[in-house]
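In the working numbering, the protein residues as written are 5 to 678. Just so you know, even glycine gets a beta-carbon here, dropped at the ideal spot from N, CA and C. For clarity, every value in this text was computed on a predicted model and none was experimentally measured. Heads up, the thing below is written out as structure tokens.
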């Protein structure tokens, strides 16, 4: 009797354990039983997603875009780079002032025009691609169809895409957020696949190729693309090391199993034993194939970046004579500006990156610059400086310093004004000699380097006190991103009628944009009725309000996951919910994504600080530049939702196992009594 009771209890216990262990394998069915939702058919999910995609494209076309013809060095440059004559004028001082991807983005617009699409449709398709990446990421991590579809819809209709200063403005910012989500989402997906040992070589290589195409494109569209490269490099290091460790452990375990079975070697080997030996012998090549696949998958992005760098710079050298990506932050002029940021000089602050005294020291240290006193005078008396009250001034940079990175534009304007800018090649060669002389001055002690801290050579240095002063800016920036504050929902920026102004040049630019991009209303916004604009703006406003509520709930979920994850990892709880390898991996990916977001936002606010000097913190400026934080928030919220759902499932599994054990114990007691 007692033996029978023990057997019954053991069977019941095993049944409960087997149920908990089988959750990853039959996650959809288990989740549906516990939530009361039936597991959806793939056709239903595809239909929902297809309808959502159609609605998203229709919404983008209805809301439309607008073009800021008055922005000579931003929106108008994008238009100029897309025109056929861009490479035919090597003496154009505006060429190469923006990063190479400006021209690349412009070529995309040209292709769109050839295919008879329009820009709103292309923007919608980019968001569709980003949403699909989030869908597959959530599907891989949680294996919950409804949660995957919810993440897809959340990403697809994210309201910043319908914001006038970022999403509907016909500028590079409108494409960056979905591109960031696509690239970083694929990096997270590849990392999870490798760490969870579910990565297959060919799918992994396919994901790598897709990620490389998006990475190369996005990297060259904006000057701060280095953060994506850093994410790929970190993921590559983690995945390669992890794959090697996994293979080594597998080999050791196999060796231990063979040694354990060694005493039976005296027996005659059966066919099954031979098959096992063959499998063990073939495991080593399989392990090597997995390692090679991971290495190649993460080498492809860097190969793509290197090849694109050589290609873009070679094209620029052919047409403009300078082997550079751009002339403002790159090349020899960009290197000269970095020297100005590094020279030890009084007056340096978070507002003033290139003090007047640093510029004077640079000219004194360079005989080449001393031979051009007119350039120095043009810089000293530049019109780019402004007083705190934004009034017109006649001061020099010694009375009113150059703010932030405006020295890049000051230098360009001075070179054009003095006639030294004859071509990109001539300017690059001139400052190559200047930089050699300044470096020699640093080497012989004539110039001293500032002791301030610089995260990158291309931004100004801060003291520790100034770095601490960034904390409120970072917090306010996250508040804007999360609660969608400081945005302007709508089809255009207020009552913007730039191209209908009396300025003849502006009207011509607007007409050129309308023809180039196939959007007639860019030349005359009255072609779209006020009723349509009112409806479009109402739609955007309602979408912003809905997402403010959603983001608040997701922020609470994120806080619960971050705090609860630490508690569970410390206490190593095995029940309600259990600490599993999958949940730990997802939690670590979440923490890594949060860390990337914090570093990115810190650097962005480091750059933005000079913009806040006169008027205080500006949510508009913060949102305008902090685009990567929006992309990271989408991914972070998706991972947090996955973890929270898995905890709920783990709690239910543990409860079921406990109930089974109690039933077994009751049966054991009844048998003993009988």
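Query: Can you list, in chain order, the residues of its chain whose CB lies under 6 Å from that of residue 378, leaving out five sequence neighbours each side?; Result: 422
Query: Under 8 Å by Cβ, that's how I've got residue 191 and residue 174 pegged, so tell me the actual separation to the nearest angstrom.; Result: Not really, about 29 Å apart at Cβ, beyond 8 Å.
Query: Does DSSP put residue 317 in a helix, in a strand, or in coil?; Result: helix
Query: What first and last residue would you give for the alpha helix (DSSP H) that runs through residue 555?; Result: 534-575
Query: Between the C-alpha atoms of residue 624 and residue 490, what's the straight-line distance to the nearest angstrom?; Result: 5 Å
Query: Please work out which residues of its chain come closer than 7 Å, Cβ to Cβ, to residue 634, disregarding the five sequence neighbours upstream and downstream, and give them in chain order.; Result: 164, 181 and 485
Query: I'd like the list of long-range same chain contacts for residue 425, defined as Cβ closer than 8 Å, with 5 residues on each side in sequence excluded.; Result: 97, 416, 419 and 431
Query: Apart from the five residues just before and just after residue 715, which ones in its own chain have a Cβ nearer than 7 Å to its Cβ?; Result: What is shown of the chain runs 5 to 678, which leaves residue 715 out entirely.
Query: Determine the contact status of residue 646 and residue 136, defining contact as a CB-CB distance below 8 Å.; Result: no
Query: Considering only their Cβ atoms, is the gap separating residue 495 from residue 541 smaller than 8 Å?; Result: yes
Query: Taking 8 Å as the cut-off, decide whether the C-beta atoms of residue 130 and residue 513 are in contact.; Result: no
Query: Cα-Cα, which of 103, 63, 210 and 343 is closest to residue 4?; Result: Outside the shown range of the chain, which is 5 to 678, sits residue 4, and nothing can be said about it.
Query: Of all the options 638, 67, 53 and 61, which has the alpha carbon lying nearest to the alpha carbon of residue 535?; Result: 67
Query: Taking all protein chains shown into account, do 16 or more other C-beta atoms lie within 10 angstroms of the C-beta of residue 455, making it buried, or fewer, making it exposed?; Result: exposed
Query: Quick check: the Cα distance between residue 286 and residue 255, rounded to an integer number of angstroms?; Result: Caution applies to residue 286, whose pLDDT of 45 falls short of 50 and renders its modelled position unreliable; the model cannot decide the point.
Query: Is residue 305 buried or exposed, if buried means 16 or more other CB atoms sit within 10 Å of its CB?; Result: buried
Query: So, with DSSP's three-state summary, where would you put residue 453?; Result: strand
Query: Taking residue 682 and residue 354 to be in contact with their CB atoms under 8 Å, please state how far apart those CB atoms are, rounded to whole angstroms.; Result: Because the chain is modelled from 5 through 678, residue 682 falls outside the range shown and cannot be assessed.
Query: For the pair the region 308-315 and the region 68-83, tell me if three or more CB-CB distances fall below 8 Å.; Result: no
Query: If I measure Cβ to Cβ from residue 361 and keep anything under 7 Å in the same chain, skipping five residues before and after, which residues do I get?; Result: 349, 350 and 351
Query: For residue 318, which residues in the same chain have their Cβ closer than 6 Å to its Cβ, ignoring the five residues on either side in sequence?; Result: none
Query: Which value, in whole angstroms, describes the spacing of the CA atoms of residue 169 and residue 71?; Result: 10 Å
Query: If residue 299 and residue 363 are in contact, beta carbons under 8 Å, what's the gap, nearest whole angstrom?; Result: So it is not a contact: roughly 47 Å between Cβ atoms.
Query: Take residue 198 and list the residues in its own chain whose beta-carbon comes closer than 7 Å to its own, dropping the five residues that flank it on each side.; Result: 243, 246, 247 and 298
Query: Under 8 Å Cβ to Cβ from residue 122, same chain only, skipping five residues before and after it: list those, please.; Result: 65, 116, 521, 522 and 523
Query: Do the region 583-601 and the region 459-470 touch if we need at least three Cβ pairs shorter than 8 Å?; Result: no
Query: Rounded to whole angstroms, what is the Cα-Cα separation between residue 729 and residue 594?; Result: Shown here, the chain extends from 5 to 678; a query on residue 729 therefore has no answer.
Query: Report the three-state DSSP secondary structure of residue 170 (helix, strand or coil).; Result: coil
Query: In three-state DSSP terms, what is residue 72?; Result: coil
Query: Is the separation between the beta-carbon of residue 439 and that of residue 339 shorter than 8 Å?; Result: yes
Query: Between which two residues does the alpha helix (DSSP H) carrying residue 401 extend?; Result: Run containing residue 401: none; DSSP gives neither H nor E here.
Query: With H, G and I counted as helix, E and B as strand and the rest as coil, what does DSSP make of residue 327?; Result: coil
Query: From the DSSP output, in three-state form, read off residue 347 for me.; Result: strand
Query: Give the DSSP-derived three-state secondary structure of residue 466 in the structure shown.; Result: strand
Query: Taking only the alpha-carbon atoms, compute the straight-line gap between residue 492 and residue 330 and give it to the nearest angstrom.; Result: 31 Å
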